[in-house]
Amino acid sequence: MSTATLNIDVLLDALELAIRQQIAERKLHNPLLIGIHSGGAWVANHMHRRLGGSEPLGLLDITFYRDDFSQIGMHPKIKTSQLPPHLEGRDIILIDDVFYTGRTARAALNEIFDYGRPNQVVLAVLIERDGRQIPLQPDCRGIRIDLSGNQRIKLTGPEPLGIEIQTPSGVPA
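FYI, in full-length UniProt numbering the residues of the sequence shown are 1 to 173.
Pasting the structure below:
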């Protein structure tokens, strides 16, 4: 499998700037950052440090909220979600690594709303790629790219954080 690599620092800088703009434009008050396990949690950890979050980073495992068990099967490594007990009225920044079909974001929103009704949710992703299947889209992104159907994005980490675009061997990128 051949790979092309994206510069993670450039993407993190762009994402941080986009999040700061959303905080200002939407007048978010003490937003709670929540990362989706695993790659989104890694990106959220970087954003939490860069933005100087005043409370602990929230972590979300959406395994039981997925709608594609028949396609991917049960995930053998389930992590616990770590969220404050009440999200009612909170401003939330939900962070993931890659936005592809929108199904992960939908599952994450379903879980968040089980904890309470937030004031507003900003969706921030390191990479938005083509292939959306449901009517959701990120508010903030590090980059938006179009990939061929055989390509996929792989985040490596947590430290050092890296990202690659992978193409099966013998298939032109």
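For glycine and all other residues, C-beta sits at the position ideal for the given N, C-alpha and C.
Query                                                                                                                   : Result
When you compare each of Asn7, Gly162, Ile153 and Gly116 to Phe99 by their alpha carbons, which one comes out closest?  : Ile153
With distances taken from CA atoms, which of Ile165, Ile134, Leu147 and Ala44 is nearest Asp97?                         : Ala44
Thinking just about the alpha-carbon of each residue, which of His48, Ile134 and Glu111 is nearest to the one in Tyr65? : Glu111
Taking a contact to mean a Cβ-Cβ separation below 7 Å, would you say Gly142 touches Leu11 in this structure?            : yes
Measuring alpha carbon to alpha carbon, tell me which residue in Pro138, Gly58, Leu60 and Met47 is nearest Thr101.      : Pro138
If you reduce the DSSP assignment to three classes, tell me which class Ile134 lands in.                                : coil
State yes or no: is the C-beta of Val125 within less than 7 Å of the C-beta of Gln22?                                   : no
Using the C-alpha atoms, what's the distance from His46 back to Ser81?                                                  : 18 Å
Quick check on Gly102: does DSSP put it in helix, strand or coil?                                                       : coil
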